[in-house]
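Just so you know, we're using this note's numbering here: the sequence shown kicks off at 160 and counts up by one.
No residue lacks a Cβ here, since even glycine has one placed at the ideal position from N, Cα and C.
Just so it is clear, the structure is predicted and the values come from calculations on it, not from any experiment.
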Amino acid sequence: MEKRIYPQAIDSVVMPEPFGRQIFNDAGKAVAALQALYDRNTKFLRDSFTALAAGGDNNKRYRAFYPEVGVTTTSFTQIDSRQAYGHMPTPGHFSTTITQPALFERYLIEQLRLIMRNHGVPVTVSESTTPIPLHFAFLEGSHVDGAAAERIRRPIRDLFDVPDLDGTDDQIANGTFEVALGEARPLAAFTAQRIDYSLHRMSHYTATSPQHFQNFVLFTNYQFYIDEFVARAHKLMANGGGGYVEFVEPGNVVTKAGQSALGNGAAPPRLPQMPAYHLKKPNHGGITMVNIGVGPSNAKTITDHIAVLRPHAWVMLGHCAGLRNTQALGDYVLAHAYVREDHVLDDDLPVWVPIPPLAEIQVAL
């Protein structure tokens, strides 16, 4: 019988050098600082794992923290009521953890610039107290190698922080989060670890990278819509793009404007659970289409994940089986309410809460 090995106790915690709190009046420089801190801390975790797999000291714990951005306001600033974001609802200190600043660069710069302009205050960049899970520190396309992990003679949880699903929830977005006395108010709808979790699930469910998702999203549960979308996208690419720069299919297969054949990337041997297709414009101004399959639970799952990318709008493209006398085949029927009989959102929203469609989309369509 193989002798059981009892690892020695962890004797210390190894971390990168402390990062001093920095104050910025320029949104671009603040985001650059967030990026530098994020890159440093995630590289520290990757390098530590590699060293351990090569026989390094496994009696130490390795930890690095997410970057954090914060802002403090002291007045009920009068804000243009037409602005839906970029301002604080009340005086106080607000902060949020940040992940993958490069992916969210334009979004972060826009948000921080508006906050500073509307309130006349700087923003701060610092290290948070939320550890980065090892699994979320690896670059896209790489992961915690199982063979390497087996060479480390103690559980990974002893040596690194791992994803904590107990604290990965939607309380902030759902409006149920309660701020503890003395704690900062949330500056964003999603925390860094919640975003990281969703970015990894998006790649898994759709077989495309989160960087390809566009700000306008179509969901469907009918493959013939996907077929028409793909055919139209390939025709656009072959004819120069028509304002679109490339088309991305599952497997991150990219066809660029001006190409008539598939470009780089490899299609998966079988389609994922919810394949996504991206007709891209500069600054994410194009269209993403996702085949969510059948069932409201699928719809909730994928929208929960895509929501962390902060898209501008999404619409469900279904297939209506009935016609009124005022309708003809091919008409697009706009929904005016969500009937709660499927119970999918009952845990997040009481059944008496109405869920109307977004008025701006109704008017635009």
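Rounded to whole angstroms, Thr335 and Asn218 show a C-alpha spacing of 40 angstroms. Between the segment 229 to 246 and the segment 266 to 284, the count of C-beta pairs closer than 8 angstroms reaches three or more; the two stretches touch.
Boundaries of the alpha helix (DSSP H) around Tyr197: Ala186 to Ala212. Fully contained in the segment 342 to 420 are the following beta strand (DSSP E) runs of length 3 or more, in chain order: 375 to 379, 405 to 408 and 412 to 415. For Tyr221, there is no enclosing alpha helix (DSSP H); the residue is found in the beta strand (DSSP E) stretching over Lys219 to Tyr221. Within the segment 291 to 336, not a single complete beta strand (DSSP E) segment reaches 3 residues in length. The alpha carbon of Val498 has as its nearest neighbour, out of Ala466, Pro516 and Tyr491, the alpha carbon of Pro516. For Leu324, the closest C-alpha among the options Ser301, Leu340 and Ala351 is that of Ala351. DSSP lists Thr379 as the beta-bridge partner residues of Asn450. Sequence-distant Cβ neighbours of Ile446 in its own chain, meaning closer than 6 angstroms and more than five residues away, are Gln373, Phe375 and Leu438. Inter-residue distance for Ile291 and Leu482 is about 53 angstroms (C-alpha atoms, whole angstroms). Here Asp355 is buried, its C-beta having at least 16 other C-beta atoms within 10 Å. Within the segment 426 to 492, complete beta strand (DSSP E) segments of at least 3 residues are found at 435 to 439, 446 to 450 and 472 to 476, given in chain order. Tyr381 sits exposed, since fewer than 16 C-beta atoms from the chains shown fall within 10 Å of its C-beta. Shortest Cα-Cα distance from Gln418 to any of Lys440, Lys394, Gly410 and Gly402 involves Lys394. One thing to note: Val338 has its Cβ no nearer than 8 angstroms to the Cβ of Leu267. Ser254 counts as buried, since at least 16 other C-beta atoms from the protein chains shown sit within 10 angstroms of its C-beta. Asn457 is classed as buried because its beta carbon has at least 16 other beta carbons within 10 Å across all chains shown. Taking 8 angstroms as the cut-off, the beta carbon of Ala416 is found no closer than this to the beta carbon of Thr365. Check the Cα spacing between Ser357 and each of Ile461, Gln237, Gln194 and Tyr225: the tightest is with Ile461. Judged by beta-carbon spacing, Tyr403 lies beyond the 8 angstroms limit of Leu476, meaning their Cβ atoms are not closer than that value.
The beta strand (DSSP E) runs of length 3 or more contained entirely in the segment 259 to 294 are, from start to end of the chain, 282 to 290. Distance between Pro250 and Phe235, taken at the CA atoms: about 6 angstroms.
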